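Just below is one structure, and these are the notes that go with it.
In UniProt numbering, the protein residues as written are 1 to 265.
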C-alpha cells in the first residue's frame with residue numbers, strides 16, 4: 001500500500017505543472033510551484049507560441065473522429081514524461097497524423113508499464129527523462145509502445161475504450177511495428193540490430209506473453225538471440241542494462257515451457 005501511495009505521489013508531481021496550466025497559473029521556472037517544490041521536482045512546463053492544437057478531419061468523411069496534426073502537437077510537447085498525458089516529440093516516418101485517443105495510449109504505457117522496465121536498468125539516473133524520449137524517435141519502438149499502451153488501455157478501462165474505438169484498433173500499431181522491423185532487417189545489418197529494434201521486439205514479446213501466444217513469443221525470442229549474436233553479446237546492448245536484463249528475464253521465463261536453449265550466455 002505504501003509503495004502504491006508513493007507511485008501515485010510521483011505521478012501527481014509529474015502532473016503538477018500541468019495543474020498550473022489548467023488553473024491558468026504562470027509557472028516560474030526559477031522558482032517552482034508548491035506542488036513541485038514539496039516533492040523536490042523541477043518545474044518542467046514551457047510555454048509555446050502559436051496554436052496549441054490544430055484539429056482537422058479527413059476529406060470526404062466528416063463523421064470521422066478529429067485528428068491532431070503532428071506538427072502542431074510537436075510545438076507543445078517537448079517532454080513526454082514531465083506531462084505524462086501528452087505524446088512524445090517523435091519523428092514519425094509512417095504517420096502524418098495522430099488520433100487524440102493515441103495520447104491516452106502513451107499515458108497508459110508510461111504509468112502502468114514503464115516503472116517495471118526501469119527496474120531492469122543497472123545505472124542510476126533520472127528515470128523521468130532517460131530512455132523513453134530516445135526510443136520514441138524510432139518508428140519501430142514507438143509503434144510497439146503504442147501497441148502495448150493500447151492493450152493496457154483496453155484492459156484497464158474496457159467500457160470507455162470500446163465506446164471510443166473498436167477493441168482491435170490498436171493492432172494497427174503492431175502491424176506498423178512489424179513492418180518497420182522487417183524493413184530494417186532487409187536493409188543495413190547494423191541498423192537491423194539497433195537497440196530500438198530490440199526494444200520493439202521485447203515489447204511485442206511482452207504482449208504475446210500476456211495473450212499466451214507462445215508460438216509468436218518463441219519466434220521473437222529466437223530472432224532476438226540472433227540479433228544479440230550479431231551485436232557481439234549482451235554486453236554490447238545499451239540503455240543501461242535494460243535490454244540485457246529484460247531479455248534474460250524473458251528467456252528464463254520461457255525455459256519453464258520446455259525450451260532450455262534460448263538463455264544467452
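Beta carbons: idealized from backbone N, C-alpha and C, even for Gly. Please read these numbers as outputs of a predicted model, since none were measured by experiment.
| Item | Value |
| --- | --- |
| Three or more C-beta pairs below 8 Å linking the segment 129-149 and the segment 175-184 | yes |
| Span of the alpha helix (DSSP H) around residue 132 | 131-135 |
| Euclidean distance between Cα positions of residue 222 and residue 148 | 21 Å |
| Residue 209 (DSSP reduced to helix, strand or coil) | helix |
| Spatial neighbours of residue 122 in its chain, beta-carbon cut-off 6 Å, leaving aside the 5 residues before and after | 240 and 241 |
| Supposed close pair residue 230, residue 193 - CB separation, criterion 8 Å | 5 Å |
| Buried or exposed (CB count within 10 angstroms, at least 16 for buried), residue 196 | buried |
| Pairwise C-alpha distance: residue 228 and residue 114 | 23 Å |
| C-alpha gap between residue 185 and residue 191, whole angstroms | 8 Å |
| Alpha-carbon to alpha-carbon, residue 144 and residue 180 | 10 Å |
| Host alpha helix (DSSP H) of residue 184 (start-end) | 171-185 |
| Residue from 204, 187, 152 and 217 whose Cα sits closest to the Cα of residue 274 | An answer regarding residue 274 cannot be provided, because it is not within the stretch 1 to 265 covered by the chain. |
| Contact set for residue 246: own chain, Cβ-Cβ below 6 Å, skip 5 residues either direction | 120 and 202 |
| Contacts around residue 104, its chain only, beta-carbon distance under 7 Å, and the 5 residues preceding and following it disregarded | 153 |
| 9 Å Cβ cutoff met for residue 108 and residue 156 | yes |
| CB contact check: residue 115 to chain B, cutoff 9 Å | In the displayed structure, chain B is absent; only one protein chain is listed. |
| Endpoints, the alpha helix (DSSP H) within which residue 156 is located | 139-156 |
| Three-state secondary structure (DSSP) of residue 245 | helix |
| Length of the line joining the Cα atoms of residue 208 and residue 188 | 27 Å |
| Selection from 199, 213 and 236 that minimises the alpha carbon distance to residue 131 | 199 |
| Burial state of residue 232, where buried means 16 or more other Cβ atoms lie within 10 Å | exposed |
| Residue 195 (DSSP reduced to helix, strand or coil) | helix |
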